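Visitor:
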Amino acid sequence: METKKYIIKTYGCQMNEHDSERMSYMLHNLNYIETDKYDDADLIIYNTCIIRENAELKVYGHVGAMKALKEKNPNLIIAVCGCMMQIDEAREVIRDKFKHVDIVFGTKNLSSLPYLLNQYLTYNERVIDVEDVDDIDELQKAIRKDKHSAYINIIYGCDNFCSYCIVPYTRGRESSRSESSILKEITQLGEEGYKEITLLGQNVNSYGKNLHPCTNFPSLLTNISKIDSIERIRFMTSHPKDLSDELIEIMKNTEKICKHIHLPLQSGSTRILKEMNRKYTAEQYLEKIVKLREAIPDIAITTDLIIGFPGETDEDFNDTMNMIEKVRFDQAFMFKYSRRIGTTAAKMNNQVDKDITSERFQKLLDRVNDICYEKNSEYLNTVQKVLVEGTSKNDTSTLTGRTDTNRIVHFKGQESYIGEIVNVKITDYNSFALEGELIE
Ligand code: 5AD
Ligand code: SF4
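For what it's worth, my numbering labels the leading residue of the sequence shown as 15, then goes sequentially.
Here it is in C-alpha cells:
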C-alpha cells in the first residue's frame, strides 16, 4: 500500500491533544505517516476548540487558508473535527462557507475516522457525520507525542453547566470509563516504559458515579498507584465543589500522586460565582485550600480565572484580586470572558465593556506573575526530583523536565537522561520556570 502523509493541527485542551494522539494511531494503521509540510500532506485534520471566541476564529482563519492549497492539490483531503463540530452553528459555517472541507466528524465518533476516510475516498463526496458511536470502554490506542508521560481519559463530558461554559454542549453528559479498561491501559503504558500518567476529565472528582457498581476517584487512584511501573500520577481538572476530604487523604498518603492540584476558582466574588453557577462561595473555596495545605504543606495549587464575566463590578474584581493574595496560587491561567452562544451567560444583558475587562486582565496578570515569581523563589537551593522530558528547543545540551509540583526545570545534561527521574539542585528562577544543576 502506498504511504500517505498527514498533519493533525490541534487546538485547545489536553483532551483534544489526546484525541489527536488517538487519531495518529488510526492513521498509522492506514499507512499514513506524519509530516509538518503542508505542501506534502495528503490529509490535514483540524481538531478544533470552541471554548472561547479566539479559539474559534483561529480555526476559521486556518481552515480558510487551506482553500488555496486544495485548489493547487485537489487530491488533498481536509477534515475538521473536535468540539466546534458538536455545535450546530459552527458545523453549518464549515458546511456552507468552507466547501473545500471534505470530512467533518465530532468528539463522539473519533473511532469512525478510518471508516469516514474510506467513505470519502470511495464515493468522492463530502462526509459530515457527528453521530455518537464511540465505545469509551474500548482500549484506547494512541501514538503519544511524549514517550514518558501519557494522557489517559477517565471521564468524559460535564454535568455542571457553569453558565459561561460551552463544554457541556460539546462533550455531552458525564460518563466514566470502566476501571478495568483504565487499569489495563495504564498497565500497558507501564510496560512500554511510561513513568508518568495524567488522568483526564472535565471533572475527575465525579469519576465513577454512573458506573455499576458505583466507585469513586480516590478508589481509582488507589488502584492505579498499585501498578508498579508507574512512578507519577497526575490528574486534571478538579471542580472545587467536589474536592473531597477522602481525595485529600489519598493525595497525602500516596507518594506516587504528584503534589499538584489544578482547582479552577474562576472568580473571587461569591456573587459572581453564584451567577456562574459554580456552587461554592469564595469562603468555601478558601476552606478547601486550607485543608489541602494542612494535609500537604508543599502542594502546588494552580487555577483558572475568568475576567469580565457579565455584571462583574470593580468590587467583584477586587474580590478576585484579594483572593489571589490569600491563596497565592503557584500558577493561574487567566481568560477574558468570551460570550458563547447557547450558554446561560450569553443571554445576560450586562456584558462588561471590553476596555474595562482588558484593564482588569492586565492588573491581575501582573500580580499573578509577581506571586509566581515569589513562589518560585522558595525553590532556590532545594533539590528537586525532575522527570526529564526532553531537550530545550534551541539548545540540545539543556534538558527540560518537571518537578512533582509541575514546575518546569531547565538544566545542563546529556540526552541519555531523558525519561529518567533525576535530582536537580535549583540555582535560579523566573515567574515561569526554574533553572538548576544535575546532581549525579
Ligand atoms: N470565557 C472565558 N473563559 C472560559 N472558560 C470556559 N469557558 C469560558 C468562557 N466562555 C475557561 C474557564 C475554564 C477554562 C478551561 O476555560 O476558566 O476553567
Ligand atoms: Fe465548563 Fe464548568 Fe464543566 Fe468545567 S465544570 S467543563 S467550566 S461547565
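Where is the CB? At the ideal position from N, CA and C, for every residue including glycine. In this text, all values refer to a predicted model and were calculated from it rather than measured experimentally.
Under a three-way DSSP split, which group does Tyr-8 fall into?
Guide: This structure does not reach residue 8, given that the chain is present from 15 up to 454, and the question cannot be answered.
Visitor: Let me know the secondary structure DSSP gives His-162 once reduced to three states.
Guide: Reduced to three states, the DSSP call for His-162 is coil.
Visitor: For the beta strand (DSSP E) containing Cys-95, list its first residue and its last residue.
Guide: 91-96 is the span of the beta strand (DSSP E), which, as asked, contains Cys-95.
Visitor: Just the Cα atoms here: how many angstroms apart are Met-98 and Ile-65?
Guide: Roughly 9 Å between the two C-alpha positions.
Visitor: Helix, strand or coil, according to DSSP, for Tyr-208 in the structure here?
Guide: Three-state DSSP puts Tyr-208 in coil, outside helix and strand.
Visitor: Which residues count as close to the ligand SF4 when the rule is a CB under 7 Å from any of its heavy atoms, in chain order?
Guide: Selection output, chain order preserved: Cys-172, Asn-174, Phe-175, Cys-176, Cys-179, Val-181, Pro-182, Gln-216, Asn-217, Thr-251, His-253 and Pro-278.
Visitor: Would you list, in sequence order, the uninterrupted beta strand (DSSP E) runs of no fewer than 3 residues that lie entirely inside the segment 280-368?
Guide: Qualifying beta strand (DSSP E) stretches, in chain order: 314-321 and 345-350.
Visitor: Between the beta-carbon of Gln-133 and the beta-carbon of Val-144, is there less than 8 Å?
Guide: Not closer than 8 Å, so no.
Visitor: Would you say the beta carbon of Tyr-351 comes nearer than 7 Å to a heavy atom of the ligand 5AD?
Guide: Result yes, Cβ under 7 Å from the ligand 5AD.
Visitor: Would you identify the three-state DSSP class for Thr-62, choosing helix, strand or coil?
Guide: The answer is strand: DSSP assigns Thr-62 an E or B state.
Visitor: Nearest-angstrom Cα distance between Thr-371 and Leu-135?
Guide: Each residue's Cα considered, the two are about 48 Å apart.
Visitor: With distances taken between CB atoms, is the gap from Leu-48 to Lys-159 smaller than 8 Å?
Guide: The question names Leu, but residue 48 is Glu in the sequence shown. For Glu-48 and Lys-159, no; Cβs fall outside 8 Å.
Visitor: I need the straight-line Cα distance from Val-382 to Val-423, nearest angstrom please.
Guide: Their backbone Cα atoms lie some 20 Å apart in a straight line.
Visitor: At a cut-off of 7 Å, would you count Arg-374 as near the ligand 5AD, judging by its Cβ distance to the nearest heavy atom?
Guide: It does not: the Cβ of Arg-374 is nowhere closer than 7 Å to a heavy atom of the ligand 5AD.
Visitor: Would you say Ile-21 touches the ligand 5AD, meaning its beta carbon is less than 7 Å from a heavy atom?
Guide: No - the ligand 5AD has no heavy atom lying nearer than 7 Å to the Cβ of Ile-21.
Visitor: Taking the Cβ atom as the reference point for each residue, do Tyr-221 and Ile-180 lie within a distance shorter than 8 Å?
Guide: For Tyr-221 and Ile-180, no; Cβs fall outside 8 Å.
Visitor: Going by the C-beta, is Asp-318 closer than 7 Å to any heavy atom of the ligand 5AD?
Guide: Indeed, a heavy atom of the ligand 5AD lies less than 7 Å from the Cβ.
Visitor: Under the assumption that Tyr-60 contacts Lys-113 (Cβ atoms under 8 Å), give the Cβ distance between them as a whole number of angstroms.
Guide: That belief does not hold up - the Cβ atoms of Tyr-60 and Lys-113 are roughly 15 Å apart, past 8 Å.
Visitor: Just grab the DSSP bridge partners of Leu-401 for me.
Guide: In the DSSP output, where bridge partners are listed per residue, Leu-401 has Arg-416 and Ile-435.
Visitor: Please report the Cβ distance between Leu-300 and Thr-334, rounded to the nearest whole angstrom; I am assuming they are in contact, meaning their Cβ atoms lie under 8 Å.
Guide: About 13 Å separates the two Cβ atoms, so there is no contact after all.
Visitor: Taking 8 Å as the cut-off, decide whether the C-beta atoms of Ile-435 and Leu-413 are in contact.
Guide: Not a contact, by the Cβ cut-off of 8 Å.
Visitor: At a cut-off of 7 Å, is Arg-354 close to the ligand 5AD when judged by its beta-carbon and the heavy atoms of the ligand?
Guide: Yes, the beta carbon of Arg-354 sits closer than 7 Å to at least one heavy atom of the ligand 5AD.
Visitor: Between which two residues does the beta strand (DSSP E) holding Met-250 run?
Guide: Unbroken beta strand (DSSP E) run through Met-250: 246-250.
Visitor: Ends of the alpha helix (DSSP H) at Val-107?
Guide: First-last of the alpha helix (DSSP H) with Val-107: 102-111.
Visitor: If the criterion is Cβ atoms closer than 8 Å, does the pair Ile-244 and Lys-209 meet it?
Guide: Yes, they are a contact pair.
Visitor: Buried or exposed for Leu-214, going by 16 or more other Cβ atoms inside 10 Å?
Guide: The residue is buried, with at least 16 neighbouring Cβ atoms inside 10 Å.
Visitor: Roughly how many whole angstroms lie between the Cα atoms of Gln-428 and Ser-411?
Guide: Roughly 6 Å between the two C-alpha positions.
Visitor: Taking Cβ positions only, does Arg-292 come closer than 8 Å to chain D?
Guide: The structure shown contains no chain D, having only a single protein chain.
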